[in-house]
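Undergrad: Residue numbers (the numbering used here): 27 to 375. The C-beta atom is built at its ideal place from N, Cα and C for all residues, glycine as well. Being a predicted model, the structure only gives us computed values, none of them experimental. Take a look at the following structure, please.
Written out as structure tokens, the structure reads:
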């Protein structure tokens, strides 16, 4: 069996403070892709007080991604209990559906619990500050990954904060993980991934998996993740204004997701603060111009020191959220190359 080789980098510095990629530079200079920071903060504040009208309006303005050609998709539901259900969208290369009775309905057949194919599967948790986004905003990313690597991707449409209390989105992700793994062959590769706050939920889920002694992911893929809700790092101040993800907005997202300050010390909420010795092989991708860059590096370094195989890459000229912004062509090519090469360590065994 091919052994994953750790390629952790001992530095987190890329010279220069000016974005060299023209597409990224134009993106951060344009207001059309950004809500007003004050609008964001006010909407979350109102929702925390029970009025989600403004927040839902902002949510409704988010664009729906298109699908890659040659990839099929189907929705199903995972039940947290008799009244709470989670939509999971599965993407798989056309013609690979090997599961019978794949009619798309709320009452998905028992055989769908492990997915719609026998291919390796990647369970994906979307970002959006725990407050925004859905599976709709990750259609292009998930279907492209499915097509490129010939795998199934299952994207979780978890409950959003602040309406959902802290931990509910994690519990929902855990329910999906438990159902898929329990209904998959022991030899099947099952990856876990998330971007931004979804990366937080993915890493937090690994802590829960270890706590409950469940099946670990084949590998963990974290894309510019939030990993520490307690401490602030230099990148918060350096890139906190003018690079997309604003400092004040990020702090408000954290308040909206986990208003209980003491609870933020829990490793399932702040994965960087927990023991990482038993984590699976992990990929951590950060962006050069991102307030979350330093905590991603700190997490990768802690994994490396714990003896966990880890690959850390800080993408030059990248800004937060680039994987969900396909119009950032050059940066996406770089990012997907990193993802593909990491997955190949396992898929080509």
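#1: Run through DSSP, which three-state label would residue 314 get?
#2: Need the endpoints of the beta strand (DSSP E) that residue 181 sits in, please.
#3: On the DSSP bridge assignment, give the partners of residue 115 in chain order.
#4: First and last residue of the alpha helix (DSSP H) that includes residue 168?
#5: Check this for me: beta carbons of residue 299 and residue 324, under 8 angstroms apart or not?
#6: Roughly how many whole angstroms lie between the Cα atoms of residue 111 and residue 185?
#7: By a C-beta neighbour count over all protein chains shown, 10 Å radius and 16 as the cutoff for buried, is residue 79 buried or exposed?
#8: DSSP on residue 216, reduced to helix/strand/coil?
#9: Using the Cβ count rule (16 or more neighbours within 10 Å means buried), how would you classify residue 198?
#10: Let me make sure I understand the geometry here. Which of 54, 351, 304, 121 has the alpha-carbon closest to that of residue 332?
#11: Please go through the same chain and pick out, in chain order, the residues whose beta-carbon is closer than 6 angstroms to the beta-carbon of residue 93, but skip the five residues on each side of it.
#12: Going by C-alpha to C-alpha distance, which of 337, 277, 98 sits closest to residue 156?
#13: Residues in the same chain with beta-carbon distance under 6 angstroms from residue 290, minus the five sequence neighbours each way, listed in chain order, please.
#14: Hey, would you say residue 142 sits closer than 8 angstroms to residue 181, going by beta carbons?
#15: I need the straight-line Cα distance from residue 247 to residue 328, nearest angstrom please.
#16: Taking the beta carbon of residue 260 as the centre, do at least 16 other beta carbons fall within 10 Å, making it buried, or is it exposed?
#17: From the DSSP output, in three-state form, read off residue 274 for me.
#18: Enumerated in chain order, which unbroken segments of the alpha helix (DSSP H) with a length of 4 residues or greater are wholly contained in the segment 287 to 331?
#19: Please determine, among 148, 103, 234, the residue with the shortest C-alpha to C-alpha distance to residue 217.
#20: Roughly how many whole angstroms lie between the Cα atoms of residue 236 and residue 345?
#21: Here's a check: name, in chain order, each residue in its chain whose Cβ is nearer than 6 angstroms to the Cβ of residue 220, leaving out the five neighbours to either side.
#22: Using a Cβ-Cβ cut-off of 8 angstroms (strictly less than) and excluding sequence neighbours within five positions of residue 162, which residues of its own chain qualify?
TA: Let me spell this out:
#1: Reading the chain shown from its first residue, position 288 is the one you call residue 314. Residue state, collapsed to three classes: strand.
#2: Locating residue 181 in the chain shown gives position 155, where the first residue counts as 1. Residues 178 to 183.
#3: Sequence index remark: in the chain shown, residue 115 carries index 89 (1-based). Answer is 101, 181, bridged to residue 115.
#4: Residue 168 sits at position 142 when you count from the first residue of the chain shown. First-last of the alpha helix (DSSP H) with residue 168: 165 to 175.
#5: The residue labelled residue 299 in the question sits at position 273 within the chain shown. The residue labelled residue 324 in the question sits at position 298 within the chain shown. Not in contact: residue 299 and residue 324 (Cβ atoms no closer than 8 angstroms).
#6: On the chain shown, position 85 is the one that residue 111 refers to. On the chain shown, position 159 is the one that residue 185 refers to. Each residue's Cα considered, the two are about 10 angstroms apart.
#7: Looking up residue 79 in the chain shown gives position 53. The residue is exposed, with fewer than 16 neighbouring Cβ atoms inside 10 Å.
#8: Along the chain shown, read from residue 1 onward, the residue named residue 216 stands at position 190. If DSSP states are grouped into helix, strand and coil, residue 216 belongs with the strands.
#9: Residue mapping note: residue 198 aligns to position 172 of the chain shown, counting from 1. The residue in question, residue 198, is buried, as its Cβ has 16 or more Cβ neighbours within 10 Å.
#10: If you number the chain shown from 1, residue 332 lands on position 306. The shortest Cα separation from residue 332 among 54, 351, 304, 121 belongs to 304.
#11: Indexing the chain shown from 1 puts residue 93 at position 67. Closer than 6 angstroms at Cβ, skipping near neighbours: 165, 169.
#12: The sequence position of residue 156 within the chain shown is 130, counting from 1. With distances taken between Cα atoms, residue 156 lies closest to 277.
#13: Here residue 290 is taken as the residue at index 264 of the chain shown, counted from 1. The residues are 255, 256, 284, 296.
#14: Within the chain shown, residue 142 is the residue found at index 116, counting from 1. Within the chain shown, residue 181 is the residue found at index 155, counting from 1. Not a contact, by the Cβ cut-off of 8 angstroms.
#15: Within the chain shown, residue 247 is the residue found at index 221, counting from 1. Within the chain shown, residue 328 is the residue found at index 302, counting from 1. If you take the alpha carbons of residue 247 and residue 328, they lie about 16 angstroms apart.
#16: For the purposes of this step, residue 260 is taken as residue 234 along the chain shown, with counting starting at 1. Residue 260 comes out exposed.
#17: Here residue 274 refers to the residue found at position 248 of the chain shown. Residue 274: helix per DSSP, three-state reduction.
#18: 319 to 331
#19: Counting from one through the chain shown, the residue named residue 217 turns up at place 191. Minimum Cα distance to residue 217 is reached at 148.
#20: Locating residue 236 in the chain shown gives position 210, counting from the first residue. Locating residue 345 in the chain shown gives position 319, counting from the first residue. When rounded, the distance between both Cα atoms is 32 angstroms.
#21: Position 194 of the chain shown, counted from the start, is the residue given in the question as residue 220. 151, 227, 228.
#22: The residue labelled residue 162 in the question sits at position 136 within the chain shown. Within the same chain, residue 162 has close Cβ partners 88, 90, 91.
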